[in-house]
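Remarks on the structure that follows.
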Amino acid sequence: MTKKEIVKQISEQLGLTQLKTKEIVQKTFDAIVETLLTERRIELRNFGVFEVKRRKARKARNPRTGAKVDVEPKNVVTFKPGKEMEERVRKLDLADRAAELATAGAASPSSSQTAPLSDGSANHHAVETSNVGNG
16 MTKKEIVKQI SEQLGLTQLK TKEIVQKTFD AIVETLLTER RIELRNFGVF
66 EVKRRKARKA RNPRTGAKVD VEPKNVVTFK PGKEMEERVR KLDLADRAAE
116 LATAGAASPS SSQTAPLSDG SANHHAVETS NVGNG
């Protein structure tokens with residue numbers, strides 16, 4: 016999703032013009048950046064924490080040549096999601112996995128069929144586990 020799409024969505028929900036909404040969204044982003052520059056940390060309740068951290072100097076390797084290179088210390092912005100966001104994303108992950116498994120089962124018709132064993136019973140478990148990860 017892009018900033019433009021966020022602006023469009025919010026403007027439709029609030030009944031504001033896209034121009035006014037874009038200004039509000041940009042001012043919000045600007046305020047976050049300014050706070051990081053002055054305070055080095057901003058906590059947005061129920062969302063997360065942005066923080067400026069200093070990454071130490073280190074030795075690295077150029078992947079093309081294999082030569083060792085020195086990487087200077089630098090400031091980086093980190094983000095730690097809030098508890099509510101963490102929980103919602105975790106649930107999304109579980110829903111995605113369930114959908115993948117359902118789709119994988121539907122994609123191969125033989126996966127729902129089981130061959131009878133010598134005693135005449137069907138071996139459902141063996142078929143299910145053999146299809147895990149094939150999607």
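For the sequence shown, this note's numbering assigns the number 16 to the initial residue and increments by one for each residue that follows.
Even glycine gets a Cβ: it sits at the ideal position worked out from N, Cα and C.
Since the structure is predicted, the reported quantities are computational estimates derived from the model, not experimental observations.
Given residue i as reference, the closest of the options once Cα atoms are compared
i	options	result
threonine 75	Thr118, Asp85, Asn61, Gln28	The question names threonine, but residue 75 is alanine in the sequence shown. Among Thr118, Asp85, Asn61, Gln28, the Cα nearest to that of alanine 75 belongs to Asp85.
arginine 56	Lys23, Val67, Thr118, Thr32	Val67
arginine 69	Lys98, Gln28, Leu52, Pro88	Pro88
valine 64	Ile47, Pro78, Glu27, Lys71	Ile47
alanine 72	Leu29, Arg112, Val91, Phe44	Val91
leucine 94	Arg79, Leu51, Ala121, Lys18	As written in the sequence, residue 94 is phenylalanine, which differs from the leucine given in the question. Of the candidates Arg79, Leu51, Ala121, Lys18, the one whose C-alpha sits nearest the C-alpha of phenylalanine 94 is Leu51.
lysine 42	Glu115, Glu54, Gln24, Lys18	Lys18
Identity of the residues DSSP links to residue i by a beta bridge
i	result
glycine 63	Leu59, Pro96
alanine 75	Val84
arginine 69	Asn90
Through-space distance from residue j to residue i, alpha-carbon basis
i	j	result
alanine 117	alanine 110	11 Å
glutamate 20	methionine 100	20 Å
valine 22	lysine 83	45 Å
glycine 97	valine 104	11 Å
Boundaries (first-last residue) of the alpha helix (DSSP H) holding residue i
i	result
leucine 52	33-54
- Inspect the CB distances between the segment 58-72 and the segment 36-43 and report whether three or more fall short of 8 Å. no
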